[in-house]
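S.K.: My questions all concern the structure below.
There are 2 protein chains.
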Amino acid sequence: MLTPPWHVETVGAVAGFLTTVAFLPQAVQTWRSKSVRDISLTSYICLVCGVGLWLVYGLLIHSWPIIIANGAGLLLQGSILAMKVRYGRASATE
Amino acid sequence: MLTPPWHVETVGAVAGFLTTVAFLPQAVQTWRSKSVRDISLTSYICLVCGVGLWLVYGLLIHSWPIIIANGAGLLLQGSILAMKVRYGRASATE
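Just so you know, the sequences run in chain order A and B. In this text, residue positions in the first sequence follow our numbering: the first is 19, and each later residue adds one. In this text, residue positions in the second sequence follow our numbering: the first is 19, and each later residue adds one.
Quick look at the structure:
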């Protein structure tokens, strides 16, 4: 399989950057508001498992872009999942 | 670049499936609740742009797994973004 031309790789790199950094505003909003009612717990469990598997996949094929993007994704989405569990329980016991 | 062994490809396929289908519970919850206050608009704008670029990338390198996963992702995340805009505006004018 030939390596795609640079402009195609750039599209992939920007796509990877956007879909990784996209979770930063959600993490900041949730950290500030401590309000998680509208966030789906099931979605974030699936996302964290999926991103974790992408990280394993990147390690298996020695692909740094996949490792870096999904390592960052795991941190961000993992933090949102942790806040969903923590603040979701707090609001349930109020 | 050699094609990775089948068990490695399976990890990638499951990861792709999880990170795509992950948005379905969020779309269903948002559709039912019509409540979007805790969802970050910026996050979903970045996600939709990123997934759209992944779709373009998949088309450019003729990769069906990337095309299918990100086509489905675009539909799901696009619907959540549309509901965020629609229900976010409705609750703002109440």
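The beta-carbon is built from N, C-alpha and C at its ideal position, and this holds for glycine as well. Since the structure is predicted, the reported quantities are computational estimates derived from the model, not experimental observations.
1) Considering only residues of the same chain and omitting the five flanking positions on each side of A/Leu73, which have a CB-CB separation below 7 Å?
2) Starting from A/Ser61 and walking both ways along the alpha helix (DSSP H), at which residues does that stretch end?
3) Output needed for A/Leu77: all residues of its chain with C-beta closer than 7 Å, excluding positions within five of it in sequence on either side, in chain order.
4) Take B/Leu99 and list the residues in its own chain whose beta-carbon comes closer than 6 Å to its own, dropping the five residues that flank it on each side.
5) Note down, in chain order, all residues in the segment 23-43 of chain B with a beta-carbon under 7 Å from any beta-carbon belonging to chain A.
6) Spell out whether any CB of chain B is found under 8 Å from the CB atom of A/Trp72.
7) Let me see if you follow: with CB-CB separation under 8 Å, is B/Leu65 close to chain A or not?
8) Apply the 10 Å Cβ neighbour rule to B/Thr38 and answer buried if 16 or more other Cβ atoms are within range, or exposed otherwise.
9) If contacts are defined as beta-carbon pairs under 8 Å, then B/Val69 and A/Tyr75 qualify, I think. What distance do you get, rounded to the angstrom?
10) Tell me whether the beta-carbon of B/Val54 lies closer than 8 Å to the beta-carbon of B/Gly106.
11) Locate the alpha helix (DSSP H) running through A/Arg50, then write down its first and last residues.
M.R.: Taking the geometry as given:
1) Ile85, Asn88, Gly89, Leu92
2) 59-78
3) Ile85
4) Tyr62, Val66
5) Cβ contacts with chain A come from Val26, Val29, Gly30, Val32, Ala33, Leu36, Thr37, Val39, Ala40, Phe41, Pro43.
6) yes
7) yes
8) buried
9) The pair is not a contact, with the Cβ atoms about 18 Å apart (cut-off 8 Å).
10) The answer is yes: Cβ separation under 8 Å.
11) If you look at A/Arg50, you'll find it in the alpha helix (DSSP H) that goes 41-51.
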